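First to last, the protein sequences are chains G and A. No gaps in the numbering here: position 4 of the first sequence is 4 in full-length UniProt numbering, and each next residue is one more. No gaps in the numbering here: position 222 of the second sequence is 222 in full-length UniProt numbering, and each next residue is one more. Where a beta carbon is used, it is the ideal one built from N, C-alpha and C, also for glycine. Please read these numbers as outputs of a predicted model, since none were measured by experiment. Notes to accompany the following structure.
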Amino acid sequence: MSIFEYNGSAVVAMVGKNCFAIASDRRLGVQLQTIATDFQRISKIHDRVFIALSGLATDVQTLYQRLVFRHKLYQLREERDMKPETFASLVSAILYEKRFGPYLCQPVIAGLGEDEKPFICTMDSIGAKELAKDFVVSGTASESLYGACEAMYKPDMEAEELFETISQALLSSVDRDCLSGWGGHVYVVTPTEIKERILKGRMD
Amino acid sequence: MTQSGVDVPPKGGFSFDLCKRNDMLIQKGLKAPSFLKTGTTIVGLIFKDGVILGADTRATEGPIVADKNCEKIHYMAPNIYCCGAGTAADTEAVTDMVSSQLRLHRYQTGRDSRVITALTLLKKHLFSYQGHVSAALVLGGVDITGPHLHTIYPHGSTDTLPFATMGSGSLAAMSVFEAKYKEGLTRDEGIKLVAEAICSGIFNDLGSGSNVDICVITKGHKEYLRNYMEPNPRTYVSSKGYSFTKKTEVLRTKITPLMERVEITEVGEAMEE
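What follows is the structure, encoded as structure tokens:
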């Protein structure tokens, strides 16, 4: 069994018109046993940048704490929030530092950059950035997510339509993956508000 | 002396803290993670006035295409570019690192960078990691001594060639070069040959695909033709798109309003001296 399949996870982020959506499942398991159904995978770095980490849960939490620490240092020095592109480079550098003994997680970063332009990117566990203009996926359900997103994604969707699309893609993909599921957690961020929604999914 | 508990930002280089834990997990039977690779076809050739570099744009994670349009031609200096094959994180990190070192060197010497300088910095780094930093590169550029093209292997050996190919599609591309390359090609002939070689890799090698990127470097001028050719457009999209009749069930909603970004403009007279 792969190390990434120890806890199970599904994460997806999509770009819309001046907004983005980031979604994850909520299961935390130890191989085939489920131990939590409300695990927080998506974390806010600041109002306009979110990071979701899939993979080994212990590394997800450790890496998140390290990144919040580095971002707070940056805020103290620069007296402003980090741009999403800069944050992605920071995560990439922190992951590559551990090239020969990596953190066993794959981040998905989403944010609103200059002029409220949405930015998404994902990385493998050693920091190889993959910038996409449409959607990025990560986790044990990633293969199903690739398929669902390719089919359902349309460019320039508004916030409500984007929410519907990402939720349907997430729920249909985790239905085909034993290790992820138990509902969904979706954040849709526009320049004026963050809408956080918990989805009802199959609990198996 | 006790270990500092604070995670101070490190001085640089690799850190091996998690190796012991990862080895323990592997011994317990969990498989090691696979990294994003760029299966790739990368090529370079020297033509009459300079160097042309070409690359495909597919990034793979095992058998799955992770990125359909990634950039494999990396900037090193205004007159030097480098194509990378192998583990994507390694090629990006190594080219970024050497690019910074070249810029500092330019500030120190006050001269334009030479391709041989980039070559030596890359091969020193790769050799010192004995091939574990898995980056296979095609480095090309035009400096004061003329156009140069080199290949660098992950273990640190280098070749200097008039035309070169690397990556999983290198045999497909090399067959095109061996058949059609001649010295003194013009710019258009060179671009056409490079595009043909990359297409040969895209269509015949499973690790390469999507579009063709080309970079033309001549004395004092460079042109980065991103997505020069797109021989694999997506034609199966349904024009209606998806419409969901049954909406997703939402258990809880929480809305956090965000403050608008405020622009502060100074209005009024400056203070009197």
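With respect to V194/A, V133/A sits apart: the two C-beta atoms are not nearer than 8 Å. Nearest CB-CB separation between P33/A and chain G: below the 8 Å threshold. Apart from the 5 residues on each side of it in sequence, E116/G sits with its Cβ closer than 6 Å to the Cβ of N18, P191 in its chain, given in chain order. In the DSSP annotation of this structure, the continuous segment of the beta strand (DSSP E) that includes R252/A starts and ends at 250–257. Counting along the chain, T120/A sits inside the alpha helix (DSSP H) bounded by residues 115–128. Counting of Cβ neighbours within 10 angstroms places Q106/G among the buried residues, the total reaching 16 or more. Nearest neighbour of L139/A by Cα position, chosen from L45/A, E269/A, K37/A, turns out to be L45/A. Chain order gives no chain A residues near F20/G, where near means a beta carbon separation below 9 Å; the closest approach is about 13 Å. Setting aside the 5 residues that flank it on each side, G184/G is surrounded in the same chain by A23, S24, D25, R26, S167, L170, L171, V174, I198, L199, G201, each with a C-beta closer than 8 Å to its C-beta; the list follows chain order.
In the three-state reduction of the DSSP assignment, D59/G falls in the helix class, which pools H, G and I. Of all alpha-carbon atoms in G241/A, K124/A, A59/A, V43/A, the one lying nearest the alpha-carbon of L171/A is that of V43/A. Under the Cβ distance rule, T60/A does not count among the residues neighbouring chain G, no pair being separated by less than 8 Å. Apart from the 5 residues on each side of it in sequence, Y64/G sits with its Cβ closer than 8 Å to the Cβ of S43, I51, L53 in its chain, given in chain order. One thing to note: G84/A has its Cβ no nearer than 8 Å to the Cβ of K37/A. Close partners of G241/A in chain G (Cβ separation under 7 Å): K154. Looking at the DSSP output, H71/G bridges to nothing. Here K98/G is buried. Its C-beta has 16 or more other C-beta atoms within 10 Å. Restricted to the stretch 140–168 of chain A, the beta strand (DSSP E) segments that are unbroken, complete and at least 3 residues in length are 146–152, 158–160, 163–166, listed in chain order. For F100/G, the C-beta contacts it makes with chain A under 8 Å involve F14, F16, C19, H132, in order along the chain. Within chain G, E164 have C-beta atoms less than 8 Å from the C-beta of K247/A, given in sequence order. For K129/G, the uninterrupted beta strand (DSSP E) segment begins and ends at 129–132.
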